[in-house]
Amino acid sequence: MADAVAALFAFEQDAADAAKALAALQTVEARHVPKVAGIFAREAHKNTASLLRALVVLGALSLVNPATALDVMKEGALLHTLVSVSNTPETSCAMAHALAEASSDVHVRTWLAQTPFVTEWLAPRTSLAKFQEVGQVQACADLAWIKLAMQTNDKTKKALSLSEQDTTTLYTALRDFFVSDGAQVQAPKPLLAFHEARAARDDALEGMYYLLFMPALRNTFCHDAPMLAAMVRILTLQTSADGDSALAFVLVSMLATLVAYPAKRTAEQQRAEALRRAASNQADDPLLAPEQVSLRVRALVHAGIVAPLVPLTVRAVRIESALRDQLAGLFLSLVTPQDSKFRGLLLQQGVGRALLLLSQTAHHTLRKPAPPNYALLPLQALAKLTITADPRLMYHAQGTPLLAVQCLASLYFAPHATLLQFFEAVMALTNMSSMDEPMAGVVARAVSPFPDADGANISDSLLSNLLLHDEPMVRKALVELLCNLVQDPHVFAYWAGEGTSAADDISTATIHLQTAQGRLRFLVSLCEGDIGLAASGTLACLTSAVSACQYLVRMPTSSLETLAELLGASEQLALRGFAILYNLVQYAASLAPNPDGLSKCEALGALHDARFFSATKAFVARHAAPQNAALPTAQALAMALDILKLADA
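To convert a position in the sequence shown, counted from 1, into this note's numbering, add 49.
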């Protein structure tokens with residue numbers, strides 16, 4: 050293995066050999082440490098090029114094999130040797146960069162922070178020093194200093210934690226580095242050579258990422274137009290096929306941190322958090338409140354950050370990369386503000402296309418065993434956008450509505466989805482099904498992608514979900530979805546009871562949901578409160594079928610009275626109630642005398658016993674002067690008069 054390390058110092062090797070030697074660093078063991086340290090020491094004293102190569106290789110070893118790297122740095126005081134000979138701007142930059150890479154591991158970081166010669170060498174090269182170093186050296190040194198300040202043990206926390214003043218100074222220096230175009234680098238990523246400008250840019254971005262965990266700096270960043278413009282320029286450079294995926298990941302992670310909304314907590318979690326804060330005498334940071342996050346979201350979007358994110362997404366979905374997951378989280382934050390105009394702006398900038406691409410990948414991921422929870426993020430973002438958008442505009446390209454329904458159904462059926470994610474999936478599918486009758490059928494027959502779902506589709510699952518969820522908003526959303534899905538002939542037939550016999554159902558106080566009458570009675574029971582509009586609207590549609598009318602007039606009087614109460618409720622509920630009653634009266638009027646079945650007299654008698662006609666007359670009396678009535682009231686009044694005429698005929 051020591052030979053593999055030695056091979057990395059051969060300057061006349063091709064990229065394939067260099068990559069193979071770099072991969073071998075993972076297998077360097079403790080027994081190889083003395084020989085490996087000797088190679089580093091020998092190369093460091095040869096010339097500047099060899100010293101730079103030694104620092105590059107040490108950084109790589111620290112990233113892939115940190116335990117061995119720590120032993121190598123300690124062996125024969127190697128790190129002290131490297132620090133002492135790194136005294137030019139270029140070698141100082143490389144040394145600071147290597148220290149920053151080594152500080153990625155907590156054990157190495159702890160040792161470095163407790164080693165005086167390291168901090169003594171590093172401190173004067175950071176932006177906290179009185180005499181400033183060259184910008185590129187400073188950017189690398191600042192990242193190393195920030196990482197060393199991430200100590201958590203009591204001995205070093207006080208000495209190395211960043212004060213508010215130091216944090217602001219470091220932020221300002223990194224900000225100036227970006228705004229002055231110091232980060233505009235287009236050079237290809239070197240494998241073993243040290244590229245000073247590239248290392249400085251990468252370290253400055255990583256340093257900024259850590260600093261932005263400070264809420265105050267997030268606001269400062271998002272209200273700094275030159276800084277945002279610099280980020281857009283850097284991000285745009287990564288959208289090409291040869292862009293740097295690692296750099297793009299840091300950029301997107303940084304943006305996601307800026308606009309991260311606080312996690313949703315249950316009531317129990319909120320109480321526990323309140324007790325914890327009371328015990329530590331800490332208050333919630335107002336800059337992390339959703340309102341403040343929404344302001345930062347708008348600042349990023351108006352700065353043009355979305356434009357490069359869309360082509361970056363197109364590139365990211367073609368490769369296996371954590372970049373996709375970061376993009377999904379970022380897009381979820383961007384579409385969270387509940388402002389249809391703002392979401393329309395996002396659609397114009399191509400966010401819908403990006404989310405559909407990410408969602409298709411997530412849909413396939415969910416088909417695998419034990420899919421990760423974050424696979425739902427792009428699906429949730431797609432649902433949020435679909436809820437408020439006109440689906441005809443959002444999914445105008447041929448085939449995209451079908452793909453969207455497939456992806457939204459994945460969120461709907463996901464067993465590990467949160468209640469909010471399920472609710473948003475239902476709302477989005479409702480909007481999709483409003484496009485037309487064929488699309489309602491597509492939504493109704495969309496199946497679960499999960500292996501244990503046994504071919505369940507959305508229309509089959511509605512009833513069980515209505516029974517499962519008792520939250521009013523969720524139940525209302527489910528009934529609104531059903532109201533749209535009954536456009537589909539198959540769904541309509543199932544709920545209206547077409548092809549079954551009403552005489553087979555017995556009118557009892559028990560609701561049997563496996564029967565058509567039971568399902569209709571269940572809908573009738575929902576015709577109250579906030580759910581009433583959607584439930585009564587569904588019944589108004591279903592009663593256009595003779596079968597549904599047959600079942601309704603045979604229901605117990607108590608069930609029919611629930612419908613009669615609609616006539617005295619709000620104007621929208623009354624309008625739906627009269628639509629149902631009009632269909633029932635028309636059905637009753639069509640019945641001929643039948644000693645073996647339901648007659649007209651019996652059907653009208655059932656409606657009379659449920660006080661339908663008395664409620665109708667009371668409505669007519671209240672609204673005898675319709676010239677000033679609102680349109681729904683005028684429509685309801687016209688139907689009420691027609692109902693009374695039909696009933697008297």
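Cβ coordinates follow ideal geometry from the N, Cα and C atoms, glycine included. Computed from a predicted structure; not experimentally measured.
Can you find the residues in the same chain that come closer than 6 Å, C-beta to C-beta, to L260, ignoring five residues on each side of it along the sequence?
Position 211 of the sequence shown, counted from the first residue, corresponds to residue 260. The answer, listed in chain order, is Y220 and L266.
To the nearest angstrom, how far is it from the Cα of F661 to the Cα of L630?
Taking the sequence shown and counting its residues from 1, the one referred to as residue 661 is at position 612. Taking the sequence shown and counting its residues from 1, the one referred to as residue 630 is at position 581. Their backbone Cα atoms lie some 8 Å apart in a straight line.
When burial is assigned at 16 or more other CB atoms within 10 Å of the CB, is L516 buried or exposed?
Taking the sequence shown and counting its residues from 1, the one referred to as residue 516 is at position 467. It is exposed - the Cβ of L516 has fewer than 16 other Cβ atoms within 10 Å.
Element boundaries [alpha helix (DSSP H), containing E150]
As a working note, residue 150 is residue 101 in the sequence shown. Run containing E150: P138 to A151, per the alpha helix (DSSP H) assignment.
Count the other CB atoms within 10 Å of the CB of N422; is the residue buried (16 or more) or exposed (fewer)?
Mapped onto the sequence shown, residue 422 falls at position 373. N422 is exposed by the Cβ-count criterion.
For N632, which of P605, A667, G586 and D658 has the nearest alpha-carbon?
Numbered from its first residue, the sequence shown carries residue 632 at position 583. The candidate whose alpha carbon is nearest that of N632 is G586.
Element boundaries [alpha helix (DSSP H), containing G378]
Along the sequence shown, read from residue 1 onward, the residue named residue 378 stands at position 329. Here the alpha helix (DSSP H) through G378 covers L372 to L383.
Supposed close pair L197, A143 - CB separation, criterion 8 Å:
If you number the sequence shown from 1, residue 197 lands on position 148. If you number the sequence shown from 1, residue 143 lands on position 94. Incorrect: roughly 18 Å between the Cβ atoms, too far for contact.
Tell me V496's beta-bridge partners as DSSP assigns them.
Locating residue 496 in the sequence shown gives position 447, counting from the first residue. Partner(s): N506.
In chain order, which alpha helix (DSSP H) runs of at least 4 residues are fully inside the stretch 570-655?
581-591, 595-602, 606-613 and 620-638
A683 to S663, Cα distance in whole Å?
In the sequence shown, counting from the first residue as 1, residue 683 sits at position 634. In the sequence shown, counting from the first residue as 1, residue 663 sits at position 614. Rounded to the nearest angstrom, the two C-alpha atoms are 19 Å apart.
Residues of its chain near A193, where Cβ-Cβ distance is below 7 Å and the 5 sequence neighbours each way are ignored:
By one-based count along the sequence shown, residue 193 stands at place 144. Correct list, in chain order: A145, L148, A149, S152 and L171.
Would you kindly check if the distance between the Cβ of P498 and the Cβ of L415 is under 8 Å?
The residue you call residue 415 lines up with position 366 of the sequence shown. The residue you call residue 498 lines up with position 449 of the sequence shown. Yes, the Cβ-Cβ distance between L415 and P498 is below 8 Å.
Output yes or no for whether 8 Å exceeds the beta carbon distance between Y600 and G654.
Position 551 of the sequence shown, counted from the first residue, corresponds to residue 600. Position 605 of the sequence shown, counted from the first residue, corresponds to residue 654. No. Outside cutoff.
Would you call the stretch 467-485 in contact with the stretch 388-406, where contact means no fewer than 3 C-beta pairs closer than 8 Å?
no
To which residues of the same chain is A67 closer than 6 Å at the C-beta, ignoring the five residues directly before and after it?
Numbered from 1 along the sequence shown, position 18 holds the residue referred to as residue 67. Same-chain partners within the cutoff: L240 and L241.
Excluding the five sequence neighbours on either side, which residues of its own chain have a C-beta within less than 8 Å of the C-beta of D334, listed in chain order?
As a position in the sequence shown, residue 334 is number 285, starting the count at 1. Answer for D334: P264, listed in chain order.
Is N480 helix, strand or coil by DSSP?
What you label residue 480 is simply residue 431 of the sequence shown in a count that begins at 1. Correct three-state label for N480: helix.
To the nearest angstrom, how far is the alpha carbon of G51 from that of K84?
Position 2 of the sequence shown, counting from 1, holds the residue named residue 51. Position 35 of the sequence shown, counting from 1, holds the residue named residue 84. According to the sequence displayed, residue 51 carries Ala and not Gly. Straight-line Cα distance between these residues: approximately 6 Å.
Excluding the five sequence neighbours on either side, which residues of its own chain have a C-beta within less than 7 Å of the C-beta of E255, listed in chain order?
On the sequence shown, residue 255 is found 206 positions in, with the first residue counted as 1. Only L192 and V299 meet the Cβ criterion.
Cβ atoms of V454 and A495: under 8 Å apart, would you say?
For the purposes of this step, residue 495 is identified with residue 446 of the sequence shown, where counting begins at 1. For the purposes of this step, residue 454 is identified with residue 405 of the sequence shown, where counting begins at 1. In this structure, V454 lies closer than 8 Å to A495 by Cβ.
Separation of D273 from E213, as counted between CA atoms:
For this step, residue 213 is matched to residue 164 along the sequence shown. For this step, residue 273 is matched to residue 224 along the sequence shown. Between E213 and D273, the C-alpha separation is close to 19 Å.
In or out: P311 buried (at least 16 other Cβ within 10 Å) or exposed?
Along the sequence shown, read from residue 1 onward, the residue named residue 311 stands at position 262. With fewer than 16 Cβ atoms within 10 Å of its Cβ, P311 is classed as exposed.
Quick check on D703: buried or exposed, where buried means 16 or more other Cβ atoms within 10 Å of its Cβ?
Outside the shown range of the chain, which is 50 to 698, sits residue 703, and nothing can be said about it.
Identify which residue in A628, A638, A190 and T467 has its Cα closest to the Cα of K649.
Within the sequence shown, numbered from 1, the residue matching residue 649 stands at position 600. With distances taken between Cα atoms, K649 lies closest to A638.
Nearest-angstrom Cα separation, counted from K390 out to I368
In the sequence shown, the residue the question calls residue 368 occupies position 319. In the sequence shown, the residue the question calls residue 390 occupies position 341. Roughly 33 Å between the two C-alpha positions.
Bounding residues of the alpha helix (DSSP H) (the contiguous stretch that carries N268)
Here residue 268 refers to the residue found at position 219 when the sequence shown is read from its first residue. Looking at the DSSP string, the run of the alpha helix (DSSP H) that includes N268 is P264 to C271.
Comparing C-alpha positions only, which one of L394, M488 and V54 sits nearest to T449?
As a position in the sequence shown, residue 449 is number 400, starting the count at 1. Ranking the options by Cα distance to T449, first place goes to M488.
Suppose the cutoff is 7 Å on Cβ atoms and the five residues either side in sequence are ignored; what does the same chain contact list for A222 look like?
Here residue 222 corresponds to residue number 173 of the sequence shown, with the count starting at 1. So the qualifying residues of the chain are S176, Q187 and D191.
Cut-off 7 Å between Cβ atoms - residues of its own chain near L572, not counting five sequence neighbours on either side
Along the sequence shown, read from residue 1 onward, the residue named residue 572 stands at position 523. Answer for L572: A584, T587 and L588, listed in chain order.
DSSP three-state assignment for F227, whether helix, strand or coil:
Along the sequence shown, read from residue 1 onward, the residue named residue 227 stands at position 178. Here F227 sits in helix by DSSP.
Between A246 and N506, what straight-line distance do the alpha-carbon atoms span, to the nearest angstrom?
Position 197 of the sequence shown, counted from the first residue, corresponds to residue 246. Position 457 of the sequence shown, counted from the first residue, corresponds to residue 506. Rounded to the nearest angstrom, the two C-alpha atoms are 55 Å apart.
Through-space distance from V106 to L57, alpha-carbon basis:
To locate residue 57, count along the sequence shown from 1; it is residue 8. To locate residue 106, count along the sequence shown from 1; it is residue 57. So the alpha carbons of these two residues sit roughly 7 Å apart.
CB contact flag (T606, C598, <8 Å):
In the sequence shown, the residue the question calls residue 606 occupies position 557. In the sequence shown, the residue the question calls residue 598 occupies position 549. No, these two residues do not count as a Cβ contact at 8 Å.
Under the rule that 16 or more other beta-carbon atoms within 10 Å means buried, what is G581, buried or exposed?
By one-based count along the sequence shown, residue 581 stands at place 532. Burial call: buried.
L656 to S619, Cα distance in whole Å?
Counted from its first residue, the sequence shown places residue 656 at position 607. Counted from its first residue, the sequence shown places residue 619 at position 570. Using only the alpha carbons, I get a separation of about 21 Å.
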